[in-house]
Every structure is written in C-alpha cells, then in structure tokens.
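Just below is one structure, and these are the notes that go with it.
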Amino acid sequence: MASIPVQTAGGNYSVRVQPGLLQNLSTHLRKTGLAHGKIFVVTTPEIWKLWGKAFLASFAKQPTKPEILFLPSGERHKRLASIEKLADEMVERGARRDSLLVAFGGGVAGDLTGFLAAIYMRGIPYVQVPTTYLAQIDSSVGGKTGVNLRTGKNLIGSFHQPAVVLTDPRLLKTLLPRELRAGMVESIKAAVLGDGAYFQWLEKNCSTMLRGDIDALTQAIHVSVRIKARIVSADERESGQRMLLNLGHTIGHAIEAATQYRKLLHGEAIAWGMIAAGRLAVARGAWQAADAARVERLLFRLGPLPKFSVTPQRLLQLTDADKKNRSHTRNFVLPVKLGRAIVVTDVTAEEMLAAIRSMMQTVQELGV
Ligand SMILES: NC(=O)c1ccc[n+]([C@@H]2O[C@H](COP(=O)([O-])OP(=O)(O)OC[C@H]3O[C@@H](n4cnc5c(N)ncnc54)[C@H](O)[C@@H]3O)[C@@H](O)[C@H]2O)c1
Ligand SMILES: [Zn+2]
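Residue numbers (numbering that gives the first Met the number 0): 0 to 367.
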C-alpha cells in the first residue's frame, strides 16, 4: 500500500492510499492506537446511503460499533451551527476525550469534522476518510479545518492535523463526473506548481482518469498528495511555501465570490483563475507562452468550463478582499515553468486587470 508521510509541527502522520481500503477500515483505525474509546463518524445522508454498508462491514466482528452522526450535505451547512449541533449530539451519545472522530465525506465534511475535533473538549483526535477526488488529493491533507461565516468562506477555523488519512480511490466510483473534473483541476494545479513530470503524465492519462479508471486515479492521488505533503511539511501555516498551493486561487476565489458560490464548483473557478494567472505570467515575461497554452489545453480537455458574467473591475476588487493578501502588498502565485511556481508581491492592479480581461474574453468564447 502507498503510504505518504506528512510531517508538520502540529503532528506527523501518513496518508494511506489503496483501492479497497474501506474493507479493512476498522483495522486501520485500530492501528492508530487511538480507537480505544468510542468512534464517532461524521458523514452525510447521501454518502451513507451509497457507502454506509461497506463502511460498517469491517466492524462486523468488533464488540462496539461506531456512532454515526449526520451532517446535511452542501457547502451551506459548513457553519458553526452545524458544529454546535453535532457537539451536543456527541455529548448525548457519550463522546469523551478518548473518543475518536472520523470524517467520512468530501471536503465539506472533512473541514467541518476536523474543526469539531479541534475544539470538542478542547481537542480530540480525528481521522480523514475522504470520499471525493478533491478531498482525496487536497483537503484531507494539511490540517486546515474550519467553517464558513456569512461574510466569507473558511473564516473560522484552526490547524488540527488528522491522526491518519485513509483513502480508498474506489469510493470515487459513485462521484458525479462534474465533481471529478473539478477535482482534477487541483491535480493540474499541483503539477504546474510542483512537478513537471506529473504534468506530462496527466496529459497522457487524463482521458483514462475521466473514464474512472481506478489504477490511473490511484496513481494521480498518490502523486498529488506527495506534492501537497511536501509543501505542507515545509510550511504548515502558510507563511511561505504553502502559499504556492494558492496558484489560480486569487482570481478563482474572486470568481466564486462574484457568482455567490453557486454557479461554479470550486475547481471550475480555479481553472479560470489558473488561466488568468498563466496569462499574467506570460505578459510579464516570466513564463513561456507555449507552456501556458499547454496548461489551458489540458484544463479544457477535462470538459467545458461554465460561463459567468462579471465586470473585470469587480473581479479585481474582489481579489483585494481575498484574505490571503497581506495588507498593502498583493501576494500572487506565478507559474514560471511547468513544475515550478513562485510567490511575488509586485503584481500591479493594471497587470491583474489585463489578465482578468483576457480571461473574461475566453469565458465569453469558450464558457458554456
Ligand atoms: N482544508 C483544506 O485544505 C481544503 C482544501 C481545498 C478545499 N477545501 C474545502 O473543501 C470543500 C469542497 O470539498 P468537495 O469538493 O469534496 O465538496 P463536498 O464535500 O460538498 O462534496 C461534493 C459533492 O459530492 C458528494 N459526494 C461526496 N462523496 C461522494 C461519493 N463518493 N460518491 C458520490 N457523491 C459523493 C457530496 O454529497 C457533495 O454533493 C470546500 O468547503 C472547500 O473550502 C478545503
Ligand atoms: Zn482549491
């Protein structure tokens, strides 16, 4: 089995990736040495309907069964009210400091459960069992947990590293194709910022992945996680290196905000954001046009991207509101080679606007 180590000040753990892992879930949980008390699983009714039976199968011979807690699905339930409700339920069902939480779901369930674990009785351990491609390659790794406020996404949270991440790529069999495509954007992002050979591999294997081939997906998850693990191991809290993971996210987040988080999936907004970032890099002579074009071609091979309409001025304004911008300077991640990106602080508003305009032109031409 592939096991990728993550080493941070907040804890060392591994990400285990194996098709069929769910069949041995209870053994994997016991191996953490943390499953001596009760196990509480946070999931959504949809995921449980699809995978609940398979999840419980490995507990058949165990004396105690896990307690299942339901979170309604959807980004709008990623908020403090859900945390309070789940925490009350945990108390009622006997959760103590020696209990173990398990997040069984996509990034929404993962972020929320991680935060619940971070603050329940001042902190209990938790395990990620991610069920979407995005969660398997990205959100389950790195220990960023939290919920949204009405005023913005992910504004309340903490760093709380999981005890282990247990990833079964077979769970992706039931994922909607659009969700898979959106997640694959983050793989392309990881390749562009951190691994040129992986980018070539994705060019070759993208269609196989889109068909749902488990071997190809497993390989991609493995490499994507390795890139993320390398970066968060160097920088748990986003002071330097970790900022690279925001490639395409400055403008992508602005697009999400401008469209009220409704029209586009996160990955789709990031795809547009990467296109804009690439063009900005080319315009300032930091990146070869041919490489930027290759990235755009690969992004569009995932499928058409949704159209949206917003003025370039408004998008620019929204990028300034991005919480990752330190006051006065504009941090921006620039691709400089296939496999390497850098963080710069001298991108001007004019450059941003030109890149946004150019991207919006493509939104009009190729968006659907
Ligand atoms: N913590 C981090 O570092 C980090 C990084 C990136 C994103 N995120 C967060 O992740 C969230 C997005 O995650 P997501 O894209 O996984 O969304 P999600 O959790 O909402 O899942 C997307 C959809 O897929 C469904 N689903 C999940 N697993 C399935 C399966 N196996 N089969 C069929 N359907 C399934 C869900 O019910 C949901 O409708 C956002 O809140 C974002 O802020 C966090
Ligand atoms: Zn992202």
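Each residue gets a CB set at the ideal place from its N, CA and C atoms; glycine is no exception.
In this text, all values refer to a predicted model and were calculated from it rather than measured experimentally.
ask   = D137 to T63, Cα distance in whole Å?
value = When rounded, the distance between both Cα atoms is 31 Å.
request  = Check whether the Cβ of I155 sits closer than 7 Å to any heavy atom of ligand 1, and report yes or no.
outcome  = Not under cutoff, so the answer is no.
query = Considering only C-alpha positions, which residue in the set I38, W50, R95 and A268 is nearest to V184?
reply = Relative to V184, the option among I38, W50, R95 and A268 whose CA is nearest is A268.
query = Anyone know if the C-beta pair for L304 and A275 falls short of 8 Å?
reply = Between L304 and A275, the CB-CB gap reaches or exceeds 8 Å.
Given 8 Å, three or more beta-carbon pairs between the region 135-149 and the region 227-239 = Below 8 Å, enough C-beta pairs join the region 135-149 and the region 227-239 to call them touching: three or more.
query = Exposed or buried, G247, counting other C-beta atoms within 10 Å across all chains shown (16 or more means buried)?
reply = Per the 10 Å Cβ criterion, buried.
request  = Within the same chain, show all residues whose beta-carbon is closer than 7 Å to that of F198, passing over the 5 residues directly before and after it, in chain order.
outcome  = So the qualifying residues of the chain are A190, V191, L337 and G338.
request  = For the alpha helix (DSSP H) containing K155, list its first residue and its last residue.
outcome  = Per the sequence presented here, residue 155 reads as Ile, with Lys not at that position. Not the alpha helix (DSSP H): I155 falls in the beta strand (DSSP E), residues G151 to F158.
request  = Below 8 Å on the Cβ atoms is my guess for A116 versus I123; work out the distance and round it to an integer in Å.
outcome  = Going by Cβ atoms, the distance from A116 to I123 rounds to 5 Å, so yes, they are a contact pair.
message = Could you tell me the alpha carbon to alpha carbon distance between D212 and L201, rounded to whole angstroms?
response = Straight-line Cα distance between these residues: approximately 13 Å.
task = Could you tell me whether the Cβ atoms of H76 and L70 are closer together than 8 Å?
result = Between H76 and L70, the gap from beta carbon to beta carbon is short of 8 Å.
ask   = N11: buried (16+ other C-beta within 10 angstroms of its C-beta) or exposed?
value = With fewer than 16 other Cβ atoms within 10 Å, it is exposed.
key: Best match in L33, G36 and E235 for proximity to V5 [C-alpha to C-alpha]   = The shortest Cα separation from V5 among L33, G36 and E235 belongs to E235.
request  = Return yes when the C-beta of I269 is under 7 Å from any heavy atom of ligand 2, and no when it is not.
outcome  = Within the cutoff, so yes.
Heavy atom of ligand 2 within 7 Å of E185 beta-carbon = Checking the Cβ of E185 against ligand 2 gives yes.
task = Using only the heavy atoms of ligand 1, determine whether one of them is closer than 7 Å to the beta carbon of H159.
result = Checking the Cβ of H159 against ligand 1 gives no.
query = Using the C-alpha atoms, what's the distance from D167 back to F39?
reply = Distance between the alpha carbons of F39 and D167 is about 19 Å.
ask   = Any chance the region 19-29 sits against the region 174-183, with 3 or more Cβ pairs inside 8 Å?
value = With a cut-off of 8 Å, the region 174-183 and the region 19-29 do not count as touching, because too few Cβ pairs lie within range.
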